[in-house]
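Numbering (the numbering used here) for the sequence shown: 64 to 282.
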Amino acid sequence: PHLPMNADLVVARYLSERAIESLPVVVAPPIVHGWFPAFREFPGTEVRDPDVFRAYVLEVARSMVRNGAQRIVLLNTGIARATGLPISIAARELRVETGIPVLVVSWDDLEDERSDALLEQTSGGHADEGETSIHLFLQPDLVSAELPSVAPNRETGPAGPGYRPGVIARDATDPGYLPEGYTGDPSLATAEKGEALLAIMTERWLEALRAFAESPIRR
Numbered sequence: 064p065h066l067p068m069n070a071d072l073v074v075a076r077y078l079s080e081r082a083i084e085s086l087p088v089v090v091a092p093p094i095v096h097g098w099f100p101a102f103r104e105f106p107g108t109e110v111r112d113p114d115v116f117r118a119y120v121l122e123v124a125r126s127m128v129r130n131g132a133q134r135i136v137l138l139n140t141g142i143a144r145a146t147g148l149p150i151s152i153a154a155r156e157l158r159v160e161t162g163i164p165v166l167v168v169s170w171d172d173l174e175d176e177r178s179d180a181l182l183e184q185t186s187g188g189h190a191d192e193g194e195t196s197i198h199l200f201l202q203p204d205l206v207s208a209e210l211p212s213v214a215p216n217r218e219t220g221p222a223g224p225g226y227r228p229g230v231i232a233r234d235a236t237d238p239g240y241l242p243e244g245y246t247g248d249p250s251l252a253t254a255e256k257g258e259a260l261l262a263i264m265t266e267r268w269l270e271a272l273r274a275f276a277e278s279p280i281r282r
């Protein structure tokens, strides 16, 4: 309820601009529709079929290769085990098909223990203290003046091995029930925290790009 619909896109553009300032890279226009099953019960711009989204990403990357790209980076401002799944499949197909090195960088690749140390909330994940702080820094005029307080805890059960796909649900019978669609405590957000979080993300993003630039290419 407190953040604009463009949140992921604005972060992608910010990181792309930092790459352009720092490295000899070419940045393509962003793909602004993605596969977001966890948020399907909320208004948005989802490509519901992951195969359609995967094929879309793959065709864009193929076009870049046809026009001379020797390395491809796919920046995913969702998380690796959500929007990153079909993107990663497209990346693997492109690598096998063309021989071009491909790198997928997701939001969670750009966080580390410093990111956690900046936050006061006990848990988060979506439109929480961290993400709200980032947008208070990047686009404060589009963040609600009244930030919501801590979201109710969802039922998760004991932790264990394996991957459990999560969902933010409007169905009160679902353990992922969060009718407002946010987690954590956005009321703790500040622009200063957002600036610091973005500095960490930018550092790790440029580190990833510099390392990938040294990856060997097909002779």
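The beta carbon of each residue, even a glycine, is placed where N, CA and C say it ideally should be. Quantities reported herein were computed from a predicted structural model and do not represent experimental measurements.
Residue range of the unbroken alpha helix (DSSP H) whose run includes residue i
i	result
L199	E192 to L201
I142	First-last for I142: undefined, no H or E at that position.
L72	A70 to S85
E266	A254 to A276
E176	E176 to L181
Residue j beta carbon less than 8 Å from that of residue i
i	j	result
E192	D248	yes
P164	R129	no
G131	I197	no
A32	L241	Nothing can be reported for residue 32: it is not among the residues displayed for the chain, which extend from 64 to 282.
A82	R117	no
V167	S151	yes
A75	P87	no
P211	P64	yes
Y119	L201	no
R273	D175	no
Residue i - DSSP class collapsed to helix/strand/coil
i	result
E104	coil
Y240	strand
I280	coil
V136	strand
L284	No answer is possible for residue 284: the residues shown for the chain start at 64 and end at 282.
R217	coil
P249	helix
S126	helix
T161	helix
Y119	helix
L210	coil
S151	helix
L173	helix
Residue interval of the beta strand (DSSP E) (run including residue i)
i	result
V167	V165 to S169
Straight-line Cα distance separating residue j from residue i
i	j	result
A214	L137	32 Å
T219	A143	20 Å
L66	S207	7 Å
D179	E255	15 Å
L199	V123	32 Å
T265	A101	26 Å
G162	P238	44 Å
For residue i: DSSP bridge partner residues
i	result
G97	E109
A232	Y240
heavy atom of the ligand GDP below 7 Å from residue i C-beta
i	result
D234	Looking at this structure, you won't find the ligand GDP or any other ligand, since it has none at all.
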